[in-house]
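In this note's numbering, the protein residues as written are 5 to 175. For every residue, glycine included, the Cβ atom is placed at its ideal position computed from N, Cα and C.
Here you go:
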């Protein structure tokens with residue numbers, strides 16, 4: 005057994021750490037999740053006091069806008085940034101073809117049944133992806149700003165998998 009418990013820091017005094025052990029996992033049927041007899045997990049409401057204490061110690065606060073994000077928003081915030089970076093690779097000539105990025109993403113762990121990052125992005129549309137990134141850039145900063153390549157594809161409603169300029173790789 006690699007991990008049998010998680011320790012939560014009670015005080016942020018490195019010389020006198022006081023640790024409280026919280027048993028986690030299916031074997032105890034408690035921890036981050038509570039497991040029923042069919043091994044189905046649901047979040048353990050008691051864990052919130054540990055999370056609140058850890059936030060208090062670290063001084064972390066939650067932006068109310070972020071607390072209201074749906075699962076879909078979170079997935080999109082992560083993967084649309086990957087799409088944006090993939091577009092940047094194409095624009096800079098680091099990747100020659102969108103299919104190269106699809107293959108690389110699948111080999112790197114992207115779900116094969118989705119076809120790769122560019123193929124998946126085309127199922128959603130560059131216009132939708134770009135509009136969401138622009139919205140988040142206004143709300144949260146330039147971290148989400150779409151690159152020029154993605155913005156151009158969105159404006160012309162051209163699939164990301166279509167190459168506009170047969171450029172050579174700069175690698």
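- Contact belief for residue 122 with residue 90 at Cβ below 8 Å, rounded distance in angstroms: 6 Å
- Item | beta strand (DSSP E) segments (min. 3 residues) lying fully within the stretch 22-107 | Scanning the stretch 22-107 from its first residue to its last, the whole beta strand (DSSP E) runs of 3-plus residues come out as 23-27, 37-39 and 45-47.
- Item | Extent of the continuous alpha helix (DSSP H) to which residue 165 belongs | Unbroken run through residue 165: none, as it is neither H nor E.
- Meets three-Cβ-pair contact criterion under 8 Å: the stretch 154-163 and the stretch 125-134: yes
- Query: Quick one, are the C-beta atoms of residue 87 and residue 133 less than 8 Å apart?
  - Reply: In this structure, residue 133 lies closer than 8 Å to residue 87 by Cβ.
- Message: My output table needs one value for residue 149: the three-state DSSP class, helix, strand or coil.
- Response: coil
- Item | Neighbourhood of residue 140 by C-beta distance below 7 Å, restricted to the same chain and skipping five residues each side | 81 and 148
- Query: Any idea what DSSP makes of residue 110, helix, strand or coil?
  - Reply: Helix, per DSSP.
- Message: For the alpha helix (DSSP H) containing residue 136, name the first residue and the last one.
- Response: Counting along the chain, the alpha helix (DSSP H) containing residue 136 begins and ends at 130-144.
- Whole-number beta carbon distance between residue 107 and residue 120, since they are thought to touch under 8 Å: 7 Å
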